[in-house]
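One structure is given here, and the rest of the page talks about it.
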Amino acid sequence: MKPALIIGSTCVDVIIHLDHLPVTAEDLHPTSQSMALGGCAYNVAYIMRLLGADHTFISPVGTGMYGNYVADCLSAADIPMPVRIPDRDNGCCYCLVEASGERTFLSYHGVEYTFQESWMEPYDPADFGLVYICGLEVEEPTGVNLISWLEKNPGLPICYAPGPRGCRVSPEKAARLMALKPMLHINEQEALDLTGASGYLEAAAMLHEKTGSIVIVTLGENGAFYIDKDGSCFHIPAVPAAHIADTIGAGDAHVGTVLACLTMDIPLDQAVSYANQVASAVIQVSGASLPPDLLPPLAFTGSYDR
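Quick note on our numbering: the sequence shown kicks off at 1053 and runs consecutively.
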C-alpha cells in the first residue's frame, strides 16, 4: 500500500498520578507529575515511525509554553513540522492517572486541534493509501474544513477514530463523514455511546451497516473484534499485560499499529493481532510513547474465532 497520511494534533500531556479522582473540596497530594508529547495523531504517527511505516504527519504547532515545548521535542526527534502557526498557542492535556492505571483526560484545546484546507496544498492525495483522522478535530469548528477536504478527495480511503467525544460531533458532520464510508477504529464504550446499542456486537453491526466498511472495536483485556468489509466477523484475543502502568495512548498505539501493518500489506487479521501485542506493551509503561526496545517483534501468533 502507498504511505499513510496522518492528520491531527500534537499536544503536551501533563501526566498526574494520584490515588483516585478528587471529589468537590477534596485536597489530594499527587504522587508524581511529568510532561510528554501526546495527542491522538502524534501517538499514531509515533508508532508508525517506530515500526518504520511510510507516512506523512500533518500537525499544526503553535506558540506559547506548550507550543514551544512541542516544537522543541519534534525538532529534537527530527520530526518535520510542516504547519507552524506563530500567532496562536498550543493547548495541553491533563492526564489524571489513578492507582489502577485508568486515565481521565482534561483537554485544553489550542491551535493543535484546528484544520485549514490550505495546509494540504503541497500534497497530492493520490500519493497516499489512506488517511487517519480523529473525532477531536472533527468536533472543532474547523472540522468542517477537514470534512470538505476529504469530500473533495473521495478516492482516499479514511480511517476514522471517533474517540471518547465522538458522540459530540454534530449530526450534520457525522452524516457527511459516515457517507465517505470510513474504516472505524473505536473502543467498546465509545461504540456503545455512539450507537446506543446494548453490546459491542450490536454496535459494530450498526456501524458497519452505516459505512459498509471495516469496523474495529477494541475490548481491553478481551482483545479486539472486527467486521471486515464483506461483513465477516472476527474476535482476536488480547495479549495479557504483566502489569498496568497506565492506559494512556493504548488505543492510539493500536490503530497506529493497524495502519502501519496495512501500509506494509500485512493482512488485517494479523495487523489487529499484532496491534493487540503493541497495545499491551504500551499499558505497561508510563505515558503514550513506547520505548523502542520494548516494541514487540513483528511476528504473528494466536488463533482467530470467526
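We treat Cβ as the ideally placed atom computed from N, Cα and C, and that holds for glycine.
Asked: Candidates P1343, P1319, I1059 and A1257: closest to I1185 by CA position; Found: I1059
Asked: CA nearest to the CA of L1347, picked from M1258, H1306 and T1156; Found: H1306
Asked: Inter-residue spacing [alpha-carbon to alpha-carbon] between G1181 and M1100; Found: 14 Å
Asked: Start-end ranges of the alpha helix (DSSP H) lying completely within the stretch 1293 to 1342, minimum 4 residues; Found: 1302 to 1315 and 1320 to 1334
Asked: C-beta atoms of Y1094 and S1127 nearer than 8 Å; Found: no
Asked: Between the CA atoms of P1349 and D1282 - distance to the nearest angstrom; Found: 30 Å
Asked: Span of the alpha helix (DSSP H) around A1227; Found: P1223 to M1230
Asked: Extent of the continuous alpha helix (DSSP H) to which A1097 belongs; Found: C1092 to L1102
Asked: Classification of T1156 by the beta-carbon crowding that lies within 10 angstroms, buried from 16 upward; Found: exposed
Asked: Residue range of the beta strand (DSSP E) that includes H1069; Found: C1063 to H1069
Asked: Alpha helix (DSSP H) runs contained entirely in the stretch 1096 to 1143, provided each spans 4 or more residues; Found: 1116 to 1128
Asked: Backbone CA spacing between L1311 and G1090 [nearest angstrom]; Found: 18 Å
Asked: Per DSSP, the bridge partner or partners of R1155; Found: V1149
Asked: Through-space distance from A1323 to Q1085, alpha-carbon basis; Found: 34 Å
Asked: Integer Cβ distance of Y1160 from G1143, believed to fall under 8 Å; Found: 4 Å
Asked: Contiguous alpha helix (DSSP H) assignments of at least 4 residues, all confined to the stretch 1250 to 1290; Found: 1252 to 1263
Asked: E1164 beta carbon less than 8 Å from that of C1285; Found: no
Asked: Any 3 or more C-beta pairs closer than 8 Å across the stretch 1287 to 1305 and the stretch 1254 to 1268; Found: no
Asked: Whole-angstrom C-beta distance between N1239 and G1190, which should lie under 8 Å; Found: Looking at the sequence itself, residue 1190 is Val, so the reference to Gly does not match. In fact, because the Cβ distance is near 17 Å, the residues do not count as touching under 8 Å.
Asked: Bridge partner(s) assigned by DSSP for Y1160; Found: C1144
Asked: Residues bridged to I1199 (per DSSP); Found: None, per the DSSP bridge assignment.
Asked: Through-space distance from S1222 to M1117, alpha-carbon basis; Found: 31 Å
Asked: Simplified DSSP assignment, three categories, for Y1212; Found: strand
Asked: Span of the alpha helix (DSSP H) around A1077; Found: Counting along the chain, A1077 falls outside any alpha helix (DSSP H), and DSSP gives it neither H nor E.
Asked: Where A1178 falls: helix, strand or coil (DSSP); Found: helix
Asked: Segment limits, beta strand (DSSP E) that includes A1056; Found: A1056 to I1059
Asked: Minimum C-alpha distance to R1228 - residue among Q1336, G1275 and P1206; Found: P1206
Asked: For S1086: DSSP bridge partner residues; Found: I1067
Asked: Y1175 classed as buried or exposed, judged by whether at least 16 other C-beta atoms fall within 10 angstroms; Found: exposed
Asked: Where L1236 sits in the DSSP three-state scheme; Found: strand
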